Amino acid sequence: MTWALAILGLAILLVAGDFLVKGAVNLALRLGLPPLIVGLTIVAFGTSAPELLISVDAVLADAPGIALGNVIGSNTANVLLVLGVPALIFGLETRGTGTAKSYVVMLAATALFIALAFTGTFGPWASLVLLGALALVLADQFREGWNTRVAEQEVEGADPRMRWWKIACFLVVGLVGLPIGANVLIENAKVIAESLGVPDSVIGLTMVAIGTSLPELATTVAAAAKRQADVALGNVLGSNMFNLLAIIGIAALVGDIPVADSFLRVDLWVMLAASLVLAPFVFTSLPMNRAVGGVLCAAYGGYLWAVVAL
0 MTWALAILGL AILLVAGDFL VKGAVNLALR LGLPPLIVGL TIVAFGTSAP
50 ELLISVDAVL ADAPGIALGN VIGSNTANVL LVLGVPALIF GLETRGTGTA
100 KSYVVMLAAT ALFIALAFTG TFGPWASLVL LGALALVLAD QFREGWNTRV
150 AEQEVEGADP RMRWWKIACF LVVGLVGLPI GANVLIENAK VIAESLGVPD
200 SVIGLTMVAI GTSLPELATT VAAAAKRQAD VALGNVLGSN MFNLLAIIGI
250 AALVGDIPVA DSFLRVDLWV MLAASLVLAP FVFTSLPMNR AVGGVLCAAY
300 GGYLWAVVAL
C-alpha cells in the first residue's frame, strides 16, 4: 500500500505540474508578456515544479537526503537514461545541435554545486550563491534571446484561444495538486526507506529521481522520433542546470540540507562523470547511435544496482 501511495503521489505531482505550466503559460500570454520571458521563466520554473515541491517538502519533513538525492539522481538519470533510451531506440544525430554553450554552463553549474557540497551543508549562504548564479544565467539567456529574436518562437503549451475559465482550472489543479502530491510522495518514501533499512537518500537517488525524470524522458523520446537532437540535448542540459541552481537553491532557503558522506564519495562524482560523457557528442560530430544508447542505459542500470546494493 505504501508503494502504491508513493506512486500515486508521484502521478499527482506530474499531472499537477503539467497543468500548472499550461495554465501559467497561457495566463502570461493572455496578459501580454513576451513569449521569450514566458519561456525562460514560467516554463522553466513550471516544468521543475514537481522537483521543487519534492525538495522543499522533504526538507520540511526532516528528510533532506531525499531532496539532495532527487537532484543528484535526476541529473544522472537525465544523461544516462533520458538520453540513453531515445538513443537506443532511434539514435541521435548530434551534429550541428548548437548546444556547446549550454553544455559549458551546465558543467560550470555542476562544478559550483560540487564545490558547495564539500562545505558539508547547503544553507542560506550556499543558497544565495546558487540563486545568484541562476540569475546570471537567466540574464544572459534574456540578452541572447532578444538578440537572436527568440521571442518570436512558439512557446510549448501555448494556446492563444484558451478560455479564461480553462486557464483558471489548470492553475487551480496545478497549485492544489503539487503540494498534495509532494506530501503524499515524501511521507510514503520515508516509510519505504525505513522498511527497507536504507537511508532516505537512496530513495531520492532512485525511485524519486527516476519518477521526476519521466517528463524529460517523454520529451526526449518524442524529439528523437522527430530527429530533433538539439531539442533532446537542450532539454537535458537545461533541466540539469536548473535542478542544481534553482531546486537546491530554493530548498536550502527553507532549511539546511546536510550532505551525506555517500554523496561526497560516490554520487556527486557519478553525476559529474555522466555530464562529462556528453562532451564528445556536444563538441564533435560523433552521433549518439544505438550502441552508445545501450552503453548509457547499461551504465545507469549498473549505477542503480550499486546504489541499492551498497
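Numbering (numbering that gives the first Met the number 0), first residue to last: 0 to 309. Note that beta-carbon positions come from the ideal geometry of N, C-alpha and C, so glycine has one too. Keep in mind that this is a model prediction, so the values were computed, not measured.
Where do the ends of the alpha helix (DSSP H) carrying G292 lie?
-> 289-308
How would you call M0, buried or exposed, if buried means at least 16 neighbouring beta carbons within 10 angstroms?
-> exposed
Same chain, Cβ closer than 8 angstroms to R148, neighbours up to 5 away in sequence not counted | The predicted model places R148 with a pLDDT of 48, which falls under 50 and marks its position as unreliable; any figure quoted below should be read in that light. Contacts found: none.
Proximal residues to G254 (C-beta, below 8 angstroms), its chain only, five neighbours per side dropped | V58, L59, P63
N-terminal and C-terminal residue of the alpha helix (DSSP H) that R226 is part of = Here R226 belongs to no alpha helix (DSSP H), and DSSP marks it neither H nor E.
With 16 other CB atoms within 10 Å as the buried threshold, where does V306 fall?
-> buried
In its own chain, which residues sit with a C-beta less than 6 angstroms from the C-beta of L364, not counting the 5 before and 5 after it?
-> The structure shown does not extend to residue 364, since the chain is modelled only from 0 through 309, so no value can be given for it.
By Cβ distance below 6 angstroms, which residues in the same chain neighbour V192 in space, the five residues on each side in sequence not counted?
-> Just to set this straight, residue 192 is Ala in the shown sequence, not Val. Here the set comprises D199, I202.
In three-state terms, what does DSSP make of F117?
-> coil
List the endpoints of the continuous alpha helix (DSSP H) containing D17.
-> 1-29
State buried or exposed for L216, treating a residue as buried only when at least 16 other CB atoms are found within 10 Å of its CB.
-> buried
Beta-carbon proximity of G315 to L204, cut-off 8 angstroms = No information on residue 315 is available, as it lies outside the stretch 0 to 309 that the chain covers here.
Roughly how many angstroms lie between the CA atoms of A228 and G293, to the nearest whole one?
-> 17 angstroms
Beta carbon of V78 nearer than 8 angstroms to that of S274 = yes
For L267, three-class secondary structure by DSSP = helix
Using beta-carbon positions only, say whether M287 and G90 come within less than 8 angstroms of one another.
-> yes
How close, in whole Å, do the beta carbons of G22 and G173 come, if the pair is a contact with beta carbons under 8 angstroms?
-> 6 angstroms
Going by DSSP, name the residue or residues bridged to I256.
-> F121
To the nearest whole angstrom, what separates the beta carbons of L130 and G248, a pair I think is in contact under 8 angstroms?
-> 4 angstroms
With a 10 Å radius around its C-beta and 16 neighbouring C-beta atoms as the bar for buried, classify T118 as buried or exposed.
-> exposed
Helix, strand or coil: which one does DSSP assign to L322?
-> The structure shown does not extend to residue 322, since the chain spans only 0 to 309, so no value can be given for it.
Whole-Å CB distance - N234 paired with T218, under 8 angstroms assumed | 5 angstroms
C-beta atoms of F280 and T93 nearer than 8 angstroms | yes
Residue from L195, S126, A223, V14 whose Cα sits closest to the Cα of A86 = A223
Tell me whether F282 is buried or exposed, calling it buried when 16 or more other Cβ atoms sit within 10 Å of its Cβ.
-> exposed
Which same chain residues, not among the five before or five after A259, have their C-beta less than 8 angstroms away from its C-beta?
-> G64, L67, P198, S200
By how many angstroms is the C-alpha of R160 removed from the C-alpha of I166?
-> 11 angstroms
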